[in-house]
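Residue numbers for the sequence shown follow numbering that gives the first Met the number 0, beginning at 0 and rising by one.
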Amino acid sequence: MKIIVLGAPGVGKGTVAAMLSKKYGLPHISTGDIFKDAIRNETTLGLKVRSIVETGQLVPDEITNEIIRERLEKPDVKNGFFLDGYPRTIEQANAMDTFAKPDLALNFSADRNIIIERLSGRRVCTKCGAIYHIRNNPPKKSGTCDNCLGKLIMRKDDSEAVIINRLDVYERQTKPLIGFYRKKGLLAEINSGYQMNEMEKIIKQCDDAIARVKNG
Ligand SMILES: [Zn+2]
């Protein structure tokens, strides 16, 4: 089953998609990870992408479509996938219909204040990349990674001004997708405004939506 996950940054869709991926045995493909790899390896694409994402803007459709198409041609996704971070525009959604038509779109939503609180509390290890949260998942020693004793920092992407910009960009560019998939009868609304210890409430909504598609 080909499943896409929609929702603003910080809405929790990445975490949930990773859990669903394990549960259903389908790969979790995050465009964020693909971009991060390219940036870290300083490929031609990576250098181009870096300046764009640092200011909270979206990567141009023609670059993104090409990366995703290549990824979805690999053999590990022949039974389906959870795709996170794509499509983000109607143009991308139309492109995707030509090479991997989705069966279901899970649309995650949560209150804007919850999202800002989640994202601005995030800290990342400069050495091993482990992710913490000052309230939901704090390190044992403030500012220090539990795994490798590396220094924890706030990513540039997670400062409040950049977060608000990212949410505005999302509303403007990605929200039309909700109508696009609703019209096709593929949309399932998922309320993800729960605390970390209530994750099963979010998973249950996704399970129900997947079961509805399976049972036709
Ligand atoms: Zn570390």
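Note that the Cβ used here is the ideal one computed from N, Cα and C, for glycine as well.
6 angstroms CB neighbourhood of G45 in its chain, flanking five on each side removed:
Correct list, in chain order: A37, I38.
Let me check one thing: in DSSP terms, what residues is K73 bridge-paired to?
Bridge partners of K73: none, in fact.
What is the chain-ordered set of residues for which the beta carbon lies under 5 angstroms from any non-hydrogen atom of ligand 1?
Cβ atoms closer than 5 angstroms to ligand 1 belong to C124, K126, C127, A129, C144, N146, C147, G149.
Could you give the distance in angstroms between the alpha-carbon of K140 and the alpha-carbon of F98?
Using only the alpha carbons, I get a separation of about 47 angstroms.
Between the C-alpha atoms of L151 and R211, what's the straight-line distance to the nearest angstrom?
The C-alpha of R211 is placed about 42 angstroms away from the C-alpha of L151.
Can you tell me whether L151 is helix, strand or coil according to DSSP?
Annotated three-state conformation of L151 is strand, per DSSP.
Going straight from the alpha carbon of N146 to that of T14, what length do you get?
Those two C-alpha atoms are separated by around 20 angstroms.
Give a yes or no on whether the C-beta atoms belonging to G192 and I113 are separated by under 8 angstroms.
Closer than 8 angstroms, so yes.
So for K183, helix, strand or coil by DSSP?
Three-state DSSP puts K183 in coil, outside helix and strand.
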